[in-house]
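In this note's numbering, the protein residues as written are 11 to 457. Don't be surprised by glycine CBs; every beta carbon is placed ideally from N, CA and C.
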Amino acid sequence: MLYRGGTLRRNLIRVFLLQALGISLAVILGVFGAAKVVERVLVNEALEGEAAHYWTLYAADPAYPRPNTRNLRGYLRHPDHGDAIPDWLSGLEPGFQRVPSGTGESLVHVSEHGPARLYLVFDEIAVSQLAFYFGVAPLSLVLLLVYTLTFIGYRLSRRAISPLVRLAEQVKAIDARAQSLKQPDFAVEAAADSEVQVLAAALHEFVERINELVSRERNFTRNASHELRTPLAVMRANLDAIQRRAGDNPKLEAPLARMRRTVGDMEKLLETLLILAREDEARLPREPMIVNDLLHERIGQVQRGLGKDSVEVKLEADCLLQVHAPQRVLAIVFDNILRNAISYTPAGTVTVRVEPGRIVFVDCGPGMAPELLRHIFEPFQRGESSEPGFGLGLAIVKRLCDRFGWQVDIDSEPGRGTTVTVVLPDAEVLGSRRAVESSGEEPNPPA
């Protein structure tokens, strides 16, 4: 039987208590059953034997005296020479039964022989004493033995699992968000089970391996940041120089714009990958921001970067929304969703709607097949679009949302467009409904 949500020690105590309770209940029921057997079987058979023996003697001598001992008393009813029968016996039928008497309860056996009727009354106190001596006393000894053995078993089991409990406490004390994992002392007693020693050695090796991987990733991130930023900066500087030399040459304007846009995309992608690779979020402070204003800014930036005049982006707001989050991260999430929505919409309108606690992006593009939708958050998954891209946009959005406690959902059908919803659980509603279009107009202040 498994117990969830408790510690190993508590589960062990619970198991032993249930075991002791079950054994105690079984013993108690057994003793009471034995008492009933003594009363119903042994006493009944003894009284039947006494009655048969008396009738044999009575047949030879009708004046034979009735049984009269410490625990047994007999009464004979006969039309000619009967005894004085107590009132509480007079209405009884033949058979074995328990009836109330003047001093408590008695066990009575009634039998007949011709016109005569014999009442044998057995003292119930004697049965209770038999039950005590042959039931309650052994019961007490058995229960004492059960509880003693249970306690000894619990102590031995606790001693056996104590190294495992200490290992669990040491693992729980590890700070997973630390710059490097401090190697806990996984040493266990030499007398510990071999399985526990193997587990301790595996945990020690596992922590060392994690520290090695973290150090390797940190070094790679630092080196990649320098090695990749430098050539991109050189490319952007050379593009500016070429632009100055080319002047107003219309033949170079479009290629240079595409190259500058590609370099910008690479810089943003590099920044995003570095954020995802860095576990420490101390460099990304959360700050209060108006989501509506950030969306208005990002819509303009993405539209100017893509230069796709056939698609209009409309910003609608049911409320004024504020959230505490790293602005750079939220801007990357919005940029990737907006870039996808505009890129996959040949012509028409992309609607961005601000609702309480969430942002909804709706495009009128070709939509996605169910097979593609199931894998849309995986890297390098791309739909049909004429725009260049890396196939990482939604994968990046998903990882960033998971990192910062947000939620992203996608609903799409072929021929009906795609709807992306970003849920911000900690967002606060500051104002009432207002609608803003992405025509470059500044958003109106809340009413």
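Short Cβ contact (8 Å threshold) for residue i with residue j
i    : j    : result
S116 : E134 : yes
D436 : V333 : yes
D93  : R76  : yes
R368 : L434 : yes
A210 : L177 : yes
G315 : G274 : yes
L102 : L128 : no
V364 : A327 : yes
V430 : W416 : no
L130 : A61  : yes
L249 : A256 : no
R466 : L279 : Summary: the structure shown does not reach residue 466, with the chain confined to residues 11 through 457, and so no result is reported for it.
V217 : L149 : no
Y64  : G84  : yes
Proximal residues to residue i (C-beta, below 7 Å), its chain only, five neighbours per side dropped
i    : result
K408 : F387 and V418
V339 : I285, L294, L410 and F414
S34  : L153 and V156
G4   : With the chain covering 11 to 457 only, the question about residue 4 has no answer from this structure.
F26  : T160, G163 and Y164
A405 : F387, E388 and P389
M269 : L249
M276 : L242
A200 : Low confidence applies to A200: its pLDDT is 48, below 50, so where it sits in the model is not reliable enough to give any reading.
Contacting residues, own chain, Cβ-Cβ under 6 Å from residue i (five flanking each side not counted)
i    : result
L28  : none
L67  : Y74
E438 : Q332
L348 : V312
M299 : Q337
A292 : Unreliable positioning characterises A292 in this predicted model, as indicated by a pLDDT of 47, which lies under 50. A coordinate reading is not provided.
R228 : none
H91  : none
R246 : V273
E423 : G377
Neighbourhood of residue i by C-beta distance below 8 Å, restricted to the same chain and skipping five residues each side
i    : result
G425 : P376 and G377
L22  : Y164, S167, R168 and I171
G461 : What the structure shows of the chain is the stretch from 11 to 457, and residue 461 is not part of that stretch, so it cannot be assessed.
P125 : H88 and P89
A30  : V156, Y157 and T160
E297 : H334, A335, P336 and Q337
V37  : L149, V152, L153 and V156
V360 : V321, E322, V323, K324, L348, A351, I352, F371, V372, D373 and C374
V345 : The identity of residue 345 in the sequence shown is Asp, whereas the question assumes Val. Same-chain partners within the cutoff: K278, R308, Q311 and V312.
G114 : E134 and I135
Inter-residue CB distance, residue i and residue j (contact presumed, cutoff 8 Å)
i    : j    : result
T272 : I342 : About 17 Å separates the two Cβ atoms, so there is no contact after all.
L57  : H119 : 4 Å
F132 : L82  : 6 Å
P366 : S320 : 32 Å between Cβ atoms; not a contact.
I420 : L382 : 10 Å between Cβ atoms; not a contact.
I352 : V323 : 7 Å
Per DSSP, cross-strand counterpart(s) of residue i
i    : result
Q332 : I300 and E438
H119 : F106 and L130
Y85  : Y129
I369 : V364 and V432
G114 : S111
D419 : T431
N78  : R83
Below-8 Å beta-carbon distance, residue i vs any chain C residue
i    : result
A341 : Any reference to chain C falls outside this structure, which holds one protein chain only.
Give the list of continuous beta strand (DSSP E) stretches no shorter than 3 residues that lie fully inside the region 308-360.
Here the runs fully enclosed are 321-327 and 330-335.
Within the region 149-181, note down every full beta strand (DSSP E) run reaching 3 residues or more, in order along the chain.
If only uninterrupted beta strand (DSSP E) runs of at least 3 residues are considered, none is enclosed by the region 149-181.
For a minimum of 4 consecutive residues, which ranges assigned as the alpha helix (DSSP H) are wholly contained in the region 203-272?
With a minimum length of 4 residues, the unbroken runs of alpha helix (DSSP H) contained wholly in the region 203-272 fall at 204-256.
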